[in-house]
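According to my numbering, numbering within the sequence shown proceeds without interruption in unit steps and concludes at 47.
Ideal Cβ placement from N, Cα and C applies to all residues, glycine included.
Here the structure is a predicted model, which is why all the values come from computation and not from measurement.
Report on the structure given below.
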Amino acid sequence: MKIFHLLKKSSKVAKMGRFAEFFLHASEKKKKDVFKKAAHKANKEQRELLTSARLKTS
């Protein structure tokens, strides 16, 4: 019975995504860099959407 329990636990760990695994093992500096890059990309995309929305309403 315990063998099946261990297999069940390991399958959950195997399902963990690369994103979660990165944040589990990465250093604080790397985590901050990833968040900054994601924020800059999101801001750029939002500015582009705002500009295109202004052009459509004008």
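Rounded to whole angstroms, the gap between the alpha carbons of Glu34 and Ser41 is 11 Å.
Secondary structure of Ala15 (DSSP, three-state): coil. When rounded, the separation of the alpha-carbon atoms in Leu13 and Asp22 is 15 Å.
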